[in-house]
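J.:
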Amino acid sequence: MKLVMTKRNKYLLTGGLLLLTATPSFALFGIGDIVFDPTSYASLVSQLTTLESQYKMLQNNITHFSLKQQWQTTLNAMKNANVANMFGETSGMSIALNTNSPSASSTAWTAGTIKVSGNTTTYLQGQMPGSSQLSQLAMIEASDSISPDCLTAVGQYRGARTQNVTANTTLASQQVDGSDGTNTEVEQLNLLNAAEAQKMSEMQSQGVLQACLASQMTVTNMERRNAGAQDLNTAAFVQQQRSTNNVSAANESNTWQTYLP
Numbered sequence: 001m002k003l004v005m006t007k008r009n010k011y012l013l014t015g016g017l018l019l020l021t022a023t024p025s026f027a028l029f030g031i032g033d034i035v036f037d038p039t040s041y042a043s044l045v046s047q048l049t050t051l052e053s054q055y056k057m058l059q060n061n062i063t064h065f066s067l068k069q070q071w072q073t074t075l076n077a078m079k080n081a082n083v084a085n086m087f088g089e090t091s092g093m094s095i096a097l098n099t100n101s102p103s104a105s106s107t108a109w110t111a112g113t114i115k116v117s118g119n120t121t122t123y124l125q126g127q128m129p130g131s132s133q134l135s136q137l138a139m140i141e142a143s144d145s146i147s148p149d150c151l152t153a154v155g156q157y158r159g160a161r162t163q164n165v166t167a168n169t170t171l172a173s174q175q176v177d178g179s180d181g182t183n184t185e186v187e188q189l190n191l192l193n194a195a196e197a198q199k200m201s202e203m204q205s206q207g208v209l210q211a212c213l214a215s216q217m218t219v220t221n222m223e224r225r226n227a228g229a230q231d232l233n234t235a236a237f238v239q240q241q242r243s244t245n246n247v248s249a250a251n252e253s254n255t256w257q258t259y260l261p
């Protein structure tokens, strides 16, 4: 009986060892439906690592900056122009420089410039294009067209800057706000988009002013060019007159060729 029990114990021990040493990857005789798959296990570990990274990223995105006030800047306010108008000579000028009013710009420019009289108009009718008189008239007409538009552009810029001060101030305040509500990823992207939109509006407004500056420079160059051409034409005309008409001093036969008034 003792010998039988010993053999039986050996059988049980051997079977237990076999069960312990069996790999989880196989099911023996239908026993053990759940098996261990190394590939699935590796995939689950990878997914867990990815979720952990995403969680850390989201956690970082909602973490706010506590020292954003050091980035805050002040919006410079533009002072309204106030042009003196003692006798009506600058009528509409202050309105033109501070608001978007093309009519005020036209009125102000007309009131502050010398008009071409009717007698001058009659005289100019007999001149040919390219003459000094009509070139001077062309410069005046170009200036009369460009300058009121430039006055309007300045007024538009001042008026728009005043209208946009609330939006600019609000955006600046939210950009330097340190609370969680304005520091999420979506909110920060929205703030960046709003800042870019404001920057684009400012660039467009300044572009109009730069176009006015270029236009004024064109008229100025036109004036300087006409003045230079007029000087050359006058020098040539005087030289021709001196050569044709003898203006020699008494008892001399040579014409003065070097003297020009």
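In the UniProt record's numbering, the protein residues as written are 1 to 261. Note that beta-carbon positions come from the ideal geometry of N, C-alpha and C, so glycine has one too.
1. Going by other Cβ atoms of all chains shown within 10 Å of its Cβ, with 16 needed for buried, is residue 244 buried or exposed?
2. In whole angstroms, give me the CA-to-CA distance for residue 146 and residue 212.
3. Which of helix, strand or coil does DSSP assign to residue 237?
4. Roughly how many angstroms separate the alpha carbons of residue 43 and residue 51, rounded to a whole number?
5. Check whether the Cβ atoms of residue 153 and residue 208 lie closer than 9 Å to each other.
6. Taking residue 113 as the reference, give the member of 98, 140, 96 and 102 with the closest Cα.
7. Across the stretch 222-239 and the stretch 168-180, are there enough close Cβ pairs to call them in contact, namely three or more that are closer than 8 Å?
8. Just the C-alpha distance for residue 221 and residue 189, rounded to the nearest angstrom, thanks.
9. Let me confirm a value: residue 232 is counted as buried when at least 16 other C-beta atoms fall within 10 Å, else exposed. Which label applies?
10. Going by C-alpha to C-alpha distance, which of 201, 124, 109 and 210 sits closest to residue 88?
11. Between which two residues does the alpha helix (DSSP H) containing residue 81 stretch?
12. Between residue 101 and residue 155, which are expected to be in contact by the criterion C-beta below 8 Å, what is the C-beta distance as a whole number of angstroms?
13. Mind checking residue 48: buried by the 16 CB within 10 Å criterion, or exposed?
14. Identify whether residue 242 lies in helix, strand or coil by the three-state DSSP scheme.
T.: Answer, in terms of the structure:
1. Numbered from 1 along the sequence shown, position 244 holds the residue referred to as residue 244. Counting every other CB atom within 10 Å of its CB across the protein chains shown gives residue 244 a total below 16, marking it as exposed.
2. One-based indexing of the sequence shown puts residue 146 at position 146. One-based indexing of the sequence shown puts residue 212 at position 212. For residue 146 and residue 212, the distance between alpha carbons rounds to 7 Å.
3. Counted from its first residue, the sequence shown places residue 237 at position 237. If DSSP states are grouped into helix, strand and coil, residue 237 belongs with the helices.
4. Taking the sequence shown and counting its residues from 1, one reaches residue 43 at position 43. Taking the sequence shown and counting its residues from 1, one reaches residue 51 at position 51. Rounded to whole angstroms, the separation of the alpha carbons of residue 51 and residue 43 is 12 Å.
5. As a working mapping, residue 153 is identified with position 153 in the sequence shown. As a working mapping, residue 208 is identified with position 208 in the sequence shown. Result yes, Cβ atoms of residue 153 and residue 208 sit closer than 9 Å.
6. Residue numbering aside, residue 113 sits at position 113 when the sequence shown is read from its first letter. Here the closest residue by C-alpha is 140.
7. Flag = no, the stretch 222-239 and the stretch 168-180 do not touch.
8. Locating residue 221 in the sequence shown gives position 221, where the first residue counts as 1. Locating residue 189 in the sequence shown gives position 189, where the first residue counts as 1. Approximately 47 Å, taken between the alpha carbons.
9. Position 232 of the sequence shown, counted from the first residue, corresponds to residue 232. Flag for residue 232 reads exposed.
10. Position 88 of the sequence shown, counted from the first residue, corresponds to residue 88. Answer by Cα proximity: 109.
11. Locating residue 81 in the sequence shown gives position 81, where the first residue counts as 1. Unbroken run through residue 81: none, as it is neither H nor E.
12. Numbered from 1 along the sequence shown, position 101 holds the residue referred to as residue 101. Numbered from 1 along the sequence shown, position 155 holds the residue referred to as residue 155. Yes, residue 101 and residue 155 are in contact; Cβ-Cβ is about 6 Å, under 8 Å.
13. As a working note, residue 48 is residue 48 in the sequence shown. Burial call: exposed.
14. For the purposes of this step, residue 242 is taken as the residue at position 242 of the sequence shown. For residue 242, the three-state secondary structure derived from DSSP is helix.
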